[in-house]
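Okay, so here's the structure we're looking at.
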Ligand SMILES: [Zn+2]
Ligand SMILES: [Zn+2]
């Protein structure tokens, strides 16, 4: 049997691995590669295999870098089932349609430029119709329930503790030709212990081969408690000043965690009560999915729900903002208040309007809770630029800019090493994916030191025979 690493190989995004066994083919993830516009378009557009020949797709979780190219795979002829957990399916429902809209807008933007230069128009990578077609192929498989992938291959999903519905995939492959049975695990993205709402990543066992993420293979995260405490302090100070606290946040996971934490701190008296607005259509939809899956929460979140006798993503001071008009009414409201809005790196979306309206008032706070990519407005603000451009207009940054670093949804080096070393013994080889070279090499060294015989960091499109 063979595995070919068609994405997230020597980089983080674009998770996509093709497994061939017993004359069948199945894919692990089909994510979007994210980079500069031109490279992204080319890399995502073409598959180096024929999607029509793939029998099944197993999806680890709904993040764009794992699920975002599925509509294109379907557009190019894939018609098999897409098996994922029910929560991932519900999240993918909103995320793929949102992603299709972004693809359509991107193509429109490029085509305006192309028209000026007399160049031919491009087609979006996929559109809403393609996303809808893809969603019809989704089939739910709950955690801890073995199912057939293709003849001779069964799989089972275990909670990865990374985002709601995220899974570690355990595959039992009956390699008839070689007369042996192989157990292959695919980590997907591995979460952190003690993340609010989510359960800790599952420790699986008896694995022969492992495909494993390495995003933070060279880093140690600040503790979650420290992040919580920082959040409390920043919000408390801003509330005292009577200002607005604008939090650019990813719509999936982070926004819900913030709502949960603010609710918890207000309930316990750690923070005074003040209005909180979630102003991102995607975050509002995703929160709905979070509310529907209370049985997936960790014990602490279930206990909290029990204590307050209602849903943890709803409290009297919280408003989920719907229309753009409703969003605009926030401009005229006086602080203190928290506005959680997307995009997380301030590149698009309603966050830009909130920044434009609030950035020049020293009473306000802009609070970053995630890593900011180079060349984004978010990065410029985090680096304390004195003036920034928003919608082509220049603004003085007078608001107080704060950064909390402890919020990653990924395990750090210790988390990854502990998780992988629990498989020591039967484990023959680890393939590291979903990481830049420096973290992957650092993690590889730690795993070898820990006694794992072989650790390999494959190239893009490289095939490994097992
Ligand atoms: Zn992820
Ligand atoms: Zn990922």
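Numbering (the working numbering), first residue to last: 17 to 482. Every residue, glycine too, gets a C-beta built ideally from N, C-alpha and C.
Note on geometry: alpha-carbon atoms of residue 30 and residue 258 lie some 43 Å from one another. Judged by DSSP in its simplified three-state form, residue 69 adopts helix. Annotation: the continuous alpha helix (DSSP H) that includes residue 280 extends over 270-283. For residue 197, the enclosing beta strand (DSSP E) stretches over residues 196-202.
Around the beta carbon of residue 229, 16 or more other beta carbons lie within 10 angstroms, which makes this residue buried. Per DSSP, residue 81 is one residue of the alpha helix (DSSP H) stretching across 80-83. Closer than 7 Å to some heavy atom of ligand 1: that describes the Cβ of residue 82. Taking 3 residues as the minimum length, the beta strand (DSSP E) runs contained wholly in the region 95-135 are 98-100, in order along the chain.
Contact between the region 133-148 and the region 191-203 is absent: fewer than 3 CB-CB pairs across the two stretches fall below 8 Å.
Here the alpha carbon of residue 238 sits roughly 9 Å from the alpha carbon of residue 424.
In this structure, DSSP gives residue 91 a helical state, which the three-state scheme calls helix.
If the five residues before and after residue 161 are omitted, its C-beta is found closer than 8 Å to the C-beta atoms of 172 and 173, all from its own chain and listed in chain order.
Counting only residues of its own chain and dropping the five nearest sequence neighbours on each side, residue 109 has a CB closer than 7 Å to the CB of 151. Within the region 392-419, complete alpha helix (DSSP H) segments of at least 4 residues are found at 393-398, given in chain order. Distances taken from the Cβ of residue 205 to the heavy atoms of ligand 1 include one shorter than 7 Å. Within its own chain, the residues whose Cβ lies closer than 6 Å to the Cβ of residue 378, once the five positions on either side in sequence are excluded, are 414, listed in chain order.
Taking 8 Å as the cut-off, the beta carbon of residue 381 is found closer than this to the beta carbon of residue 416. Contact check for residue 456 and residue 473: beta-carbon distance about 5 Å, within the 8 Å limit, so the pair qualifies. At least 8 Å separates the beta-carbon of residue 361 from that of residue 318. Shown here, residue 250 sits in a helix according to DSSP, grouped into three states.
Rounded to the nearest whole angstrom, the C-alpha separation of residue 469 and residue 338 is 54 Å.
Listed in chain order, the non-local C-beta contacts of residue 479 below 6 Å within the same chain comprise 18 and 20, local neighbours out to five positions each way being set aside. Note on geometry: alpha-carbon atoms of residue 386 and residue 421 lie some 7 Å from one another.
Using a Cβ distance threshold of 8 Å, residue 219 and residue 438 count as a contacting pair. Between the alpha carbons of residue 76 and residue 176 lies a distance of about 9 Å. For residue 245 and residue 286, the gap between their C-alpha atoms comes out near 10 Å.
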